[in-house]
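Protein chains in written order, with the working numbering: chain Y, 1 to 211; chain D, 1001 to 1211.
Protein chains: 2
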Amino acid sequence: MNQQSTNSRSAYQQAYEVIRDRILNGDLPGGTKIVEEKLAAELGISRTPIRESLRQLNNEGLIINKKVVQPTEKDLRNLFQVRILLEGFSAKSAAMYLPEDDLKTLSNCIKIGREGTTEEIMKANELFHEIIVRASGNTLMIDTIDRMKSIIYLFRKTVVLYKRPHLIDEHEEIYEAIKLRNGEKAKKLMETHLQADLDFCLHIINSERND
Amino acid sequence: MNQQSTNSRSAYQQAYEVIRDRILNGDLPGGTKIVEEKLAAELGISRTPIRESLRQLNNEGLIINKKVVQPTEKDLRNLFQVRILLEGFSAKSAAMYLPEDDLKTLSNCIKIGREGTTEEIMKANELFHEIIVRASGNTLMIDTIDRMKSIIYLFRKTVVLYKRPHLIDEHEEIYEAIKLRNGEKAKKLMETHLQADLDFCLHIINSERND
DNA sequence: AATGATAGTTTTGTATACAATTTTGTCACA
DNA sequence: TGTGACAAAATTGTATACAAAACTATCATT
């Protein structure tokens, strides 16, 4: 159908994207043994590009020991701990440096969060965080958080984070603090916001466990 | 000579280690074009394992666009910014949780820092930070810092950080704060310590620039 | 001298073959 | 029933060949 999606990019890149998506959407669930030849046959390419894509996925932590990763509760805590540090700092930076345009966009994200469809809300919430992280002006920080997104996504699939009560209210508070250029407050609010996200995640996971 | 170093590990792993070391010790200086076949010939193996090792080095940021990375001053600042956040947190954790044995080891690092040979001092200083980072109990944090070490090393080569005045005194202050279980103080001291490291690095780099 | 077309060269991407290793299954024996 | 030895099968690691692409150099034309 779409030439772009099957032909133009290199086989390695295609393989990387397909396998990554399969892991993220649960098509390849956690713990699944990864077999090069099997994937090669499925994607209709040879093992060589498959191997390279697997090495990449290894580096990003989506594959460990030839198995699809199965992040634990501890992993989730660790991840949010790092996020709290990096995004807390970013929120402070945003209060100091975020240009007016981006403020507008933040405000719009909140609006969509209140009025949009499920799909739109998820996108807007992600964008909200992304804008703030970019305000850090630190590419290493941006990349580090990017790298963690896959694992977060893996949890979010089951948790449906966008439905958490007060989530948008908290975004709005953060936005207000940034708008008032109150860095310390923005940082604190971001920290509690992420902590609440984590607690919500953990709560859902643990209640699911007793089914 | 040493069978272990040439035979037992896989060709891919050998290649990874050799190329990585060559970059770190300046044998492959920043900006060098990386050519697969050339490396394969030099290491006496085929291109296949070379390619995989290069993908790995790409992921770690030591190779960018088939060239050896040449980190900028901005990169250095970014890196230390992240370190300050993560190691500051780690120092606080260490004050809360570090067991007595590790405290002893920290103290010993300081002793070596005062009395050891250059080589020993460098090792001891690295160990000092490593013990504290491990005290975070957060494997993601540990890995993230690990990943940054190569680039730091790349700078340290020219900067000879171990000779910075007060470095060991600052370590000692941090150690004392941890020993007294004063988390906030340990965190603050670690932050200023790393900031001083960064400033020293930048100073050296900029004075070298005017040669 | 500047441009740009084109042949030649280098380098990368992919497929394939085979060797080495790991895993799996089977069966004899205690 | 359990265990461990071994063969068979599956999987991974590495080398090699060739095709595709990116890069260089040369030279004709303006």
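Every residue gets a Cβ at the ideal spot worked out from N, C-alpha and C, and that includes glycine.
Exercise. For I1112/D, which residues from the same chain have a beta carbon less than 6 Å from its beta carbon, with the 5 sequence-adjacent residues on both sides left out?
Worked result: E1120, A1124
For this session: List the endpoints of the continuous alpha helix (DSSP H) containing N1138/D.
Result: No alpha helix (DSSP H) holds N1138/D; DSSP gives it neither H nor E.
Exercise. V82/Y versus chain D: which residues are under 8 Å apart at the beta carbon?
Worked result: L1086, N1138, L1140, M1141, T1144
For this session: Check the Cβ of R9/Y against every Cβ in chain D and list those closer than 9 Å, keeping chain order.
Result: The premise fails here: R9/Y is roughly 16 Å from chain D at the closest Cβ pair, so nothing lies under 9 Å.
Exercise. Who are the near neighbours of L1194/D in its chain, counting only those whose CB is closer than 7 Å to its CB and skipping five residues on each side?
Worked result: F1080, R1083, I1084, E1087
For this session: Within the segment 1023-1098 of chain D, note down every full alpha helix (DSSP H) run reaching 4 residues or more, in order along the chain.
Result: 1036-1043, 1047-1059, 1073-1097
Exercise. CB I132/Y to CB A177/Y, shorter than 8 Å?
Worked result: no
Exercise. Which residues, in order along the segment 38-52 of chain Y, keep a beta-carbon less than 8 Å from a beta-carbon of chain D?
Worked result: T48, R51, E52
Problem set entry | Coil, strand or helix - L1180/D by DSSP | coil
For this session: Please determine if the segment 1179-1190 of chain D and the segment 1090-1110 of chain D are in contact, where contact requires at least 3 C-beta pairs separated by less than 8 Å.
Result: yes
Exercise. Do you know offhand how far I1152/D's Cα is from A41/Y's?
Worked result: 42 Å
Exercise. Taking only beta-carbon atoms, is L194/Y less than 8 Å away from chain D?
Worked result: no
For this session: Locate the alpha helix (DSSP H) running through R1134/D, then write down its first and last residues.
Result: 1118-1134
Problem set entry | Chain-ordered chain D contacts of R55/Y [CB-CB under 7 Å] | E1052, R1055, Q1056
Problem set entry | Alpha-carbon spacing of D1110/D relative to D1197/D, whole angstroms | Note that residue 1110/D corresponds to Ile in the displayed sequence, not to Asp. Distance between the alpha carbons of I1110/D and D1197/D is about 17 Å.
Exercise. Is the shortest distance between the beta-carbon of N108/Y and the beta-carbons of chain D less than 8 Å?
Worked result: no
Exercise. Apart from the five residues on each side of it in sequence, which residues of its chain come closer than 6 Å, Cβ to Cβ, to L39/Y?
Worked result: I50
Exercise. On the three-state DSSP scale, how would you describe S1010/D?
Worked result: coil
Problem set entry | Straight-line Cα distance separating L62/Y from K1092/D | 30 Å
For this session: Output, in sequence order along the chain, the residues in the segment 1151-1184 of chain D whose CB is closer than 7 Å to any CB in chain Y.
Result: none
Exercise. At a CB-CB cut-off below 8 Å, which residues of chain D make contact with F128/Y?
Worked result: Within 8 Å Cβ-Cβ: nothing; F128/Y doesn't reach chain D, min ~21 Å.
For this session: Label K187/Y either buried or exposed according to how many other C-beta atoms from any shown protein chain fall within 10 Å of its C-beta, with 16 as the threshold for buried.
Result: buried
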